[in-house]
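This report refers to the structure that appears directly beneath it.
Residue numbers (this note's numbering): 2 to 473.
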């Protein structure tokens with residue numbers, strides 16, 4: 002090939018057309034005393050020939066490269082077309098573990114034929130002809146270099162095979178209906194161009210499972226957290242556990258004492274939600290502590306409500322508080338009274354109570370919405386000391402601006418333990434704090450391990466990450 006190219010270049014130089022012959026130029030040469038002259042071609046006359054030579058050489062090299070690539074592609078395509086497709090060995094079909102039924106899992110090891118040009122087809126029998134997989138229905142088709150077990154959500158303790166094996170989950174839907182207790186025949190086809198080979202059909206039956214072993218880590222973490230809480234309660238029964246100071250709760254006695262000194266009532270609101278809301282439950286618990294102190298100081302208590310069920314619950318809580326304070330005769334049934342369920346009608350009525358009776362202490366506990374600023378602005382105009390507590394983050398700016406003290410978020414839930422100092426409540430609160438600290442630690446360690454696994458392309462961090470994956 003190279004010899005032919007060289008001959009082609011020389012022939013093109015000798016027979017090049019379109020170049021005007023250069024006229025010889027006499028150049029005198031001196032050799033001793035004798036003078037003779039020799040005719041040499043002009044340097045300018047050589048430029049066209051060198052340009053033609055370079056152009057011809059470049060064209061020849063490019064032609065050789067292009068011809069070589071064509072031969073290589075042709076030979077590769079020919080070899081690929083002639084190479085037979087390899088069927089995967091170890092094709093398995095079984096009921097999907099740890100599910101509610103109605104699905105089958107198909108796994109098979111990688112094949113030497115796996116590439117992006119080759120495709121896999123999952124075939125399902127219609128029950129008529131189970132001996133010929135070519136008559137099965139195609140329920141899924143995908144490239145042969147996809148659908149690996151490592152890409153699925155199975156944790157390491159329930160993973161059915163190695164991470165590099167292929168996996169497909171056959172579920173009901175999109176023209177496929179799998180019935181629990183019915184046997185199905187599934188096969189696999191390998192497709193490349195016009196070639197198509199089949200594995201033998203494998204029978205499997207979908208069934209529901211009693212337990213989801215994929216989420217056994219949730220049970221483990223729940224038991225761990227429960228053990229921490231019980232340990233904290235046992236410690237709280239033996240010695241006093243430190244709780245950080247919450248200024249809003251420390252001011253409860255101050256607000257009740259101020260109402261007693263001024264001879265004015267205490268106004269207590271439980272929020273806009275019913276008793277199914279955690280913030281309303283927390284507000285009712287705090288009401289019991291406030292009512293007990295108010296009974297001890299013989300101070301009147303006003304508790305207007307938006308929900309009748311909440312009113313009934315708070316009446317019982319208030320009655321119990323007066324009994325515990327030893328002042329059952331001071332309890333008044335009408336201390337808790339129902340106004341209306343309408344948002345702004347209730348707000349207008351409470352504002353009227355503030356302006357008429359001018360309570361010396363206002364408590365706003367529970368969930369609030371647009372009425373929060375209307376209530377607290379009116380209370381501030383009467384000169385009352387105001388303590389608010391809510392988990393409604395969208396209303397916190399208004400409470401912080403208009404109230405003297407504000408319980409933010411979980412401080413509302415911790416108020417009962419903080420005020421009562423009962424070992425069970427204090428221990429539970431401490432156990433929750435330890436659990437939150439553990440969660441933060443797991444997030445930090447998990448972030449580092451996930452980063453290390455991605456940078457080092459390692460699988461060992463997944464052993465730790467799977468334990469805390471899909472936690473509910």
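We put the beta carbon where it would ideally sit given N, CA and C, even for glycine.
**Q.** Residues bridged to residue 190 [DSSP beta-bridge criterion]
**A.** 122, 199
Q: Grab me the residues of residue 208's own chain with a C-beta within less than 8 Å of its C-beta, minus the 5 sequence neighbours each way, in chain order.
A: 96, 102, 181, 182
Q.
Quick check on the burial criterion: 16 or more other C-beta atoms within 10 angstroms. Buried or exposed for residue 290?
A. buried
**Q.** CB contact flag (residue 462, residue 444, <8 Å)
**A.** no
Q. Taking C-alpha atoms, which residue in 437, 269, 216 lies nearest to residue 154?
A. 216
**Q.** Cβ-Cβ distance between residue 413 and residue 392 below 8 Å
**A.** yes
Q) To the nearest angstrom, how far is it from the Cα of residue 338 to the Cα of residue 267? A) 14 Å
Q: List the DSSP bridge partners of residue 1.
A: What the structure shows of the chain is the stretch from 2 to 473, and residue 1 is not part of that stretch, so it cannot be assessed.
Q.
So within the region 110-160, which uninterrupted beta strand (DSSP E) runs reach at least 3 residues, ignoring any that extend past its ends?
A. 120-125, 138-144
Q: Quick one: using the 10 Å Cβ neighbour count with 16 as the cut-off for buried, is residue 363 buried or exposed?
A: buried
Q. Roughly how many angstroms separate the alpha carbons of residue 352 and residue 371, rounded to a whole number?
A. 14 Å
Q) Which same chain residues, not among the five before or five after residue 196, have their C-beta less than 6 Å away from its C-beta? A) 86
Q: Express the C-alpha separation of residue 223 and residue 231 in angstroms, rounding to a whole number.
A: 12 Å
Q) Along the chain, which unbroken stretches of the beta strand (DSSP E) at least 3 residues long are found entirely within the region 340-414? A) 362-366, 386-391, 406-409
Q.
Just to confirm the assignment, what range does the alpha helix (DSSP H) spanning residue 334 have?
A. Neither: residue 334 is in no alpha helix (DSSP H) and is coded neither H nor E.
Q | Residue from 93, 241, 99 with nearest C-alpha to residue 204 | A | 93
Q. Among all the DSSP beta bridges, which residues are the ones paired with residue 232?
A. In DSSP, residue 232 forms no bridge with anything.
Q) With a Cβ-Cβ cutoff of 8 Å, do residue 107 and residue 119 count as a contact? A) no
Q | Close-in-space but distant-in-sequence residues of the same chain around residue 309 (CB under 7 Å, 5 per side omitted) | A | 339
Q. For residue 459, is the classification buried or exposed, using 16 other Cβ atoms within 10 angstroms of its Cβ as the cut-off for buried?
A. exposed
Q: Flag this pair as touching only if the region 393-401 and the region 232-249 have three or more C-beta atom pairs under 8 Å; answer yes or no.
A: no
Q: Count the CB pairs spanning the region 317-337 and the region 273-290 that are closer than 8 Å, and state whether there are at least three.
A: yes
Q: Compute the Euclidean distance between the alpha carbons of residue 117 and residue 156, then round it to the nearest angstrom.
A: 27 Å
Q: Using a Cβ-Cβ cut-off of 8 Å, state whether residue 364 counts as contacting chain D.
A: Absent from the structure is chain D; it holds one protein chain and no more.
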